[in-house]
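Worksheet: the structure to be examined is printed underneath.
2 protein chains.
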Amino acid sequence: MVAHVKPATCEDSQHVGATLNSLETPCLVLDETRMARNIARLRTRLQRRGVQFRPHLKTAKSVEVAQRLMDGPNGPIAVSTLQEAEIFARSGVRDILYAVGIAPHRLDRVVALRSRGADVAIVLDSVQQASAVVAKVRETGHAIPVLIEVDCDGHRGGLQLDDPALLEVGRILHKGQATLRGVMTHAGESYKCVGAEALEAAAEEERSTSFACAEALRANGLPCPVVSVGSTPTAHFARNLAGVTEMRAGVFVFFDLVMTGIGVCSIEDVALSVLCTVIGHQHARGWILVDAGWTALSLDRGTETQAVDQGYGIVCDLEGTPYPDFIIAQTNQEHGIAALRPGSSARLPDLPVGARLRVLPIHACATGAQHDQYHVIAEGSLVVRDIWSRFKGW
Amino acid sequence: MVAHVKPATCEDSQHVGATLNSLETPCLVLDETRMARNIARLRTRLQRRGVQFRPHLKTAKSVEVAQRLMDGPNGPIAVSTLQEAEIFARSGVRDILYAVGIAPHRLDRVVALRSRGADVAIVLDSVQQASAVVAKVRETGHAIPVLIEVDCDGHRGGLQLDDPALLEVGRILHKGQATLRGVMTHAGESYKCVGAEALEAAAEEERSTSFACAEALRANGLPCPVVSVGSTPTAHFARNLAGVTEMRAGVFVFFDLVMTGIGVCSIEDVALSVLCTVIGHQHARGWILVDAGWTALSLDRGTETQAVDQGYGIVCDLEGTPYPDFIIAQTNQEHGIAALRPGSSARLPDLPVGARLRVLPIHACATGAQHDQYHVIAEGSLVVRDIWSRFKGW
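Shown next, in the form of C-alpha cells:
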C-alpha cells in the first residue's frame, strides 16, 4: 500500500493562508505590523525635520516592501546594485540613486536605464571615474547625474574635505556636462557606536562633513543642490540636519540585533525572523539542533564585539517571544546549534524534534539575502497573509 | 544625440565565449581544469582503498558539476536539503543520501521522492525521529531506508557508542519495517586540524567510531550494511578504512582557503574564485575598494583562527595568480576592501578603477551559495567556455 502524500515539494507548503506551523523550514517571516511601525517612526521623524527620505532598498530587495517604504510610486530610493535599479525601474520607480562607487564599465547600464526614463544618479570619488563619466556623457548625450562621495568617518570610500580631488572632480564633471547633483556620505562607523550620545555625534559628523564639502563646491562656483547622508543609526539620532537635503536608511525597515545592541531599536521592533524546526539534541552538551544553518541565517557575527553577543541570532518561540538567553551559538551549512548563552542560569527550553522556532537576525540585510521570499504575517498572528518575492544578484 | 548602448543589463554580458574582461561583476568563476584534477585525486585515492565514493553535492548544487563528480548517472550522492534531492532526482540520480537529521514533517517529501523512483535514504539520531519514521512506513508502505547518525568528535549531531539509544533506535526502525541501512558520521572537527598527523587521527576516529557502532548493531542482530563516513579532510588523509563502506566529501571539488590552511590542498588547487572590479581607492589607508562585498564573497571567516588569516579571501590578478599578502580585509554588502596583510612588507599593487581581479574563497560552500551561475573556464584561459546554473533554497 503506497498512500498519496502531500506536500511533495517545498513549494506546495508555502502558500498564503498557511500557518507558521505548516510552512516548510527554514523560511523567512516578515512581521508587517512591526515593519509598518518602523517605517512610520522614521518617516515621521524626517518629516518633522523637513528632510527628504530616500529609503535604501538593499535590505529589502522587494517591490512590495518598496511600495510601503516610498513616499510615492516614483521614489525616491537608493540602491546598491544596478539589478535593483533595473527591477525597481521596471516597477515604475523613477528617482534612483545607485549608491556604490561607479565602475566605468557599468555606465552603459546606467545610460540604458536613463534611456528608459529612470532618473538614475551615480556616485564616485575619483578623477578617473569622473573622466570616464564625462567621456560617456560625450558619447551618449546623457547628462548623467553624479553625487560626489565624501568621507565622514573613515569607514569606506569617499573624498575628504581637504583633498584637492574634491574640487577637481567637481570641475571635471561640471565642465564635462555631467549633472553635478551634489555630495553624499554614509556614516558606516555609526554601526560601532553605542548609546544616544555617540550616535548623535556620528550623525553630526555626517552632517557637518557633507555640508562642508557641499559649501566648498558652491564656493568655487560649482552646483551642489543635493546633500545626501544616511545610515540607520544616524537617521534615528541626528538632532541637527541643517544643510542636509535627504536622508538614506535601509536596515531600519526590519531592524535586527546589531541595531538593538547599539540602542537604535528594541527587540520588539525586529520585524524579520527565520522560521525553523528542531531536528535533534545533544543533551549532554545542552544543544538543540535546528534546520537553520548559515544558508538560512547568514554568517553575520555583527554582535560579536557588542556588549551582548547574540551568536547567530536570538531563538524565539513560534509567536516570536524570545526564550531567555537562548541563542544560535554555532552554524553549519544546514544546521544551527541552539544553546544557552555562556554563564546563563536560564533553563534550556524543552523542545522536541519537530518543534517550531523563530530566530531573530543579527543583520537583516545579510539574513534577508539568503532567501527568495518573505512570508508576511501580522504581529501576533501565525497565518501567512502574503508572500512577497525578493531578488538577489547584480 | 542619444546613442544605442550595450550591454544594457547584467545578463547581456554573461555569455559563453565572453572573456573575464567583459563579464559583469561580481560573478563566480570555476576553473574546470582544477576541478577535474581535484575530483581525479580523491576518486583515485578511494578506488585504491576499495571504498565507494559518495560526493556531497551541497557545495556545488549544480547538475553539471554533479555529472562530473558521480561514478555514474545514478549516483551515489549525498545532499544537505530535500531541494537538492528533488533536483538531482529529476536529473536522473537515483541513489541519494539526505545527510541532515530528518524533521518528521519532511518525511512526506522523502516518500514522494521514493514514489518517483529515487532511492532516498535519511539520517536520524533519536527515538523520537525513529518512531516518526516507523509511523510513516506504516502509513505509506514505503520501507524508508535509514542511517543512524553517530558522533565521532562532538561536532554536531549523532549518538555515541555507549548511548543505549543507539540500539533502541536500531530496534525501533528494524522492527517497524524501515530499512535499517547502516550508520553514518561526519568528522566536522577535522576542519580545525592542522597537518597530516592530526588529520590522520581525525580520520581514524571517524572510522573507528562508526565501525564500532556498526558492530554494536550487528552484534545485537540488527542489519548494518553501510558504514558511511566523510569530510574533505578525512577523505584525503584516512590511512585505514577497514570496515568503512563509503566516503562522503563535498568541498574538495573546488577546495578553498580553509582547506589550504589545514594542509589538505595548495592554493593552486582552488578552483573557485569571484571575479570583481576595482571601484575606488583610499590611498592614505592603503585600501583598494572592489565591487565584491559579502553578497559575493560570503561572510565566512574560517581562516580567522588559522595560522594565516586570509580575511575574506586572497586577491589574485585576472589570470588567478595571487598578489603577495593582498587580501580582502573587510566587506560591506557590495564593497570589499582589499589591503595588504597587517605587517606585510609587500607593495600594494597598482590597480586603477576598472581593473579586474579574482578573489579566492575562504569557504567554497559559503561563497558558492551567494551565486546563481558558474562561469566555467579552463586553467590559464580567460574565455568562458560554459555557464552552469547553481540553485539554492530548501
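First to last, the sequence lines map onto chains P and Y.
Quick note on numbering: the first sequence equals residues 207 to 600 in my numbering.
Quick note on numbering: the second sequence equals residues 207 to 600 in my numbering.
Glycine included, each C-beta is placed from N, C-alpha and C at the ideal position.
Please read all numbers here as calculations on a predicted model, not as lab measurements.
Short CB-CB distance (under 7 Å) between residue i and chain P
i        : result
Y/Thr501 : yes
Y/Ile206 : This structure leaves residue 206 of chain Y out entirely; chain Y is present only between 207 and 600.
Y/Asp368 : no
Y/Glu395 : no
Y/Asp359 : no
Y/Thr537 : no
Y/Lys267 : no
Y/Trp594 : no
Y/Val211 : Its pLDDT being 45, under 50, Y/Val211 is placed unreliably in this model, and the coordinates cannot settle the point.
Y/Pro555 : no
Y/Asp331 : yes
Y/Thr440 : no
Y/Pro310 : yes
Y/Leu478 : no
Check: residue i C-beta below 6 Å from any heavy atom of the ligand FAD
i        : result
Y/Cys571 : Only the bare structure without any ligand can be found here, which leaves the ligand FAD out of the picture.
Which of helix, strand or coil DSSP assigns to residue i
i        : result
Y/Thr385 : strand
Y/Asp556 : coil
Y/Val480 : strand
Y/Gly281 : strand
P/Ile520 : strand
Y/Trp500 : helix
Y/Met207 : Here Y/Met207 scores only 41 on pLDDT, less than 50, and its place in the model should not be relied on; the value that follows carries that caveat. Looking at Y/Met207 - three-state DSSP - the assignment turns out to be coil, as it is neither helix nor strand.
Y/Ile583 : strand
Y/Arg315 : helix
Y/His487 : strand
P/Glu355 : strand
Y/Cys233 : strand
P/Arg454 : strand
Residue-level contact to chain Y via CB, residue i, 7 Å cutoff
i        : result
P/Lys398 : no
P/Pro548 : no
P/Glu540 : yes
P/Asp300 : What sits at residue 300 of chain P in the sequence shown is Arg, not Asp. Not an interface residue.
P/Val326 : no
P/Ala408 : no
P/Lys381 : no
P/Val590 : no
The alpha helix (DSSP H) enclosing residue i, as first and last residue numbers
i        : result
P/Phe294 : Leu288 to Arg296
P/Ala545 : Taken as a continuous stretch (DSSP letters only), P/Ala545 belongs to no alpha helix (DSSP H), being part of the beta strand (DSSP E) at Gly542 to Leu546.
Y/Ala572 : Ala570 to Gly574
P/Arg243 : Glu238 to Arg254
Y/Glu411 : Ala402 to Ala425
P/Pro261 : Element bounds for P/Pro261: not the alpha helix (DSSP H) but the beta strand (DSSP E), Gln258 to Pro261.
Y/Met465 : Leu463 to Ile468
Exposure of residue i, with buried meaning 16 or more beta-carbon neighbours within 10 Å
i        : result
Y/Thr509 : buried
Y/Asp368 : exposed
P/Ala490 : exposed
Y/Asp475 : buried
P/Ser437 : buried
Y/Asp497 : buried
P/Ala538 : Here residue 538 of chain P is Asn; the residue named in the question, Ala, does not match the sequence. Under this definition P/Asn538 is a buried residue.
P/His210 : Confidence is the limiting factor: at P/His210 the pLDDT is only 44, short of 50, which leaves the residue's position unreliable and the question unanswerable from this model.
Y/Ser219 : buried
Through-space distance from residue j to residue i, alpha-carbon basis
i        : j        : result
Y/Leu373 : Y/Asp331 : 11 Å
P/Val208 : Y/Leu313 : Model confidence at P/Val208 stands at a pLDDT of 44, short of 50, so the residue's coordinates are unreliable and nothing is read from them.
P/Ala305 : P/Asp357 : 14 Å
Y/Asp606 : Y/Gly298 : With chain Y represented from 207 up to 600, any question about residue 606 of chain Y goes unanswered, as that position is not in the structure.
P/Ser396 : P/Ala441 : 10 Å
Y/Glu411 : Y/Ile245 : 24 Å
P/Arg424 : P/Glu217 : 56 Å
P/Gly601 : P/Arg344 : No information on residue 601 of chain P is available, as it lies outside the stretch 207 to 600 that chain P covers here.
P/Ala552 : P/Phe443 : 34 Å
P/Asp359 : Y/Glu270 : 46 Å
Y/Gln516 : Y/Leu236 : 20 Å
Y/Ser595 : Y/Ile302 : 20 Å
Y/Glu421 : Y/Arg255 : 21 Å
Y/Val317 : Y/Glu355 : 20 Å
Element boundaries [beta strand (DSSP E), containing residue i]
i        : result
Y/Leu528 : In the sequence under discussion, the amino acid at residue 528 of chain Y is Pro, which differs from the Leu named in the question. From DSSP, the beta strand (DSSP E) with Y/Pro528 extends over Pro528 to Thr537.
Y/Gly223 : Neither: Y/Gly223 is in no beta strand (DSSP E) and is coded neither H nor E.
Y/Asp301 : Asp301 to Tyr304
Y/Glu330 : The question names Glu, but residue 330 of chain Y in the sequence shown is Leu. Taken as a continuous stretch (DSSP letters only), the beta strand (DSSP E) holding Y/Leu330 covers Asp325 to Leu330.
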